[in-house]
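In our numbering, the protein residues as written are 9 to 114. Just so you know, even glycine gets a beta-carbon here, dropped at the ideal spot from N, CA and C. Inspection log for the structure reproduced underneath, given as structure tokens.
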């Protein structure tokens with residue numbers, strides 16, 4: 009609460025802000041901050057480049073594609089088998105085999 013009041017007071021006095029901005033301490037603080045930000049950006053870009061070149065990332069993306077292919081293959085096979093079983097079931101119902109099996113089980 010007190011800090012807000014002090015900052016508001018400083019921000020509303022342009023002559024004081026100019027004096028502080030021209031001080032060696034503030035200029036050095038700004039330089040250090042800018043240096044830190046630029047170094048972090050540089051390190052971030054290097055890490056992204058390194059990750060893009062790494063084998064691990066390539067393997068992970070290949071596994072993702074392979075798993076998607078496996079899922080699609082499973083879905084196709086499942087749909088085919090389901091249709092085949094449904095046809096067999098319909099044929100059993102039409103031929104009356106299913107009804108005779110149910111009567112034997114009762």
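Item, Value
"So residue 25 and residue 18 are supposed to be a Cβ contact under 8 Å. How far apart are they, rounded?", "7 Å"
"Once the 5 residues before and after residue 28 are set aside, which same chain residues still bring their CB inside 6 Å of it?", "34"
"Alpha carbon to alpha carbon, how far is residue 88 from residue 95? Give it in angstroms, no decimals.", "11 Å"
"Straight-line CA distance for residue 60 to residue 31?", "44 Å"
"Put residue 30 into one of helix, strand or coil per three-state DSSP.", "coil"
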